[in-house]
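Peer 1: I'd like to ask you about the structure that follows.
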Amino acid sequence: MAKFVVTLRLPDRIDEAFMALIPRHRAFISRLIEEDIIEAYAISADRTRGWVTMNGQSAEAVRTVVEQFPLFRFLLGIEVDELFVFDSKASRFPAISLN
Numbered sequence: 055m056a057k058f059v060v061t062l063r064l065p066d067r068i069d070e071a072f073m074a075l076i077p078r079h080r081a082f083i084s085r086l087i088e089e090d091i092i093e094a095y096a097i098s099a100d101r102t103r104g105w106v107t108m109n110g111q112s113a114e115a116v117r118t119v120v121e122q123f124p125l126f127r128f129l130l131g132i133e134v135d136e137l138f139v140f141d142s143k144a145s146r147f148p149a150i151s152l153n
């Protein structure tokens with residue numbers, strides 16, 4: 055299975071309809087993390103962009119999952135890029151403890 059990074063562009067103004075969907079969106083993201091579909095999820099401090107590292111068979115399959123995000127209709131842009139290398143502390147073996 056390939057890894058992809060999805061870049062999300064969020065709206066400049068966040069209204070009540072957007073805010074009302076956040077709990078449902080977070081629950082959906084949490085479920086995808088538990089199912090090992092999402093590796094990492096991040097939103098910029100200014101809340102204008104987001105990045106999601108995902109596992110999938112193809113860019114189209116990943117896009118199909120993103121289109122199911124509860125906040126999808128508010129997104130102003132989506133880019134899906136397949137990764138050649140993805141390295142993180144979370145993907146490494148835990149440190150050995152000699153106690």
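In the working numbering, the protein residues as written are 55 to 153. For every residue, glycine included, the Cβ atom is placed at its ideal position computed from N, Cα and C. Here the structure is a predicted model, which means the values were calculated and not measured.
Going by other Cβ atoms of all chains shown within 10 Å of its Cβ, with 16 needed for buried, is Leu137 buried or exposed?
Peer 2: exposed
Peer 1: Just reading off the beta strand (DSSP E) that Val139 is part of, what are its end residues?
Peer 2: Run containing Val139: none; DSSP gives neither H nor E here.
Peer 1: Buried or exposed, going by whether 16 or more other CB atoms sit within 10 Å of the CB of Val60?
Peer 2: Burial call: buried.
Peer 1: How about Arg117: is its Cβ closer than 8 Å to a heavy atom in the ligand NAP?
Peer 2: The model on display carries no ligand, and the ligand NAP is accordingly not part of it.
Peer 1: Which residue spans inside the segment 113 to 137 form an unbroken alpha helix (DSSP H) run of at least 4?
Peer 2: 113 to 120
Peer 1: Enumerate in chain order the residues of its own chain whose CB-to-CB distance from Ile132 is below 8 Å, with the five nearest sequence positions on each side excluded.
Peer 2: Val60, Thr61, Leu62, Arg63, Arg117, Val120
Peer 1: Going by beta carbon distance, what residues of the same chain come within less than 6 Å of Met55, once the five residues before and after it are set aside?
Peer 2: Asn109
Peer 1: Applying the criterion that 16 or more other CB atoms from any shown protein chain within 10 Å of the CB defines a buried residue, is Val106 buried or exposed?
Peer 2: buried
Peer 1: Between the alpha carbons of Glu89 and Ala74, how many angstroms are there, rounded?
Peer 2: 25 Å
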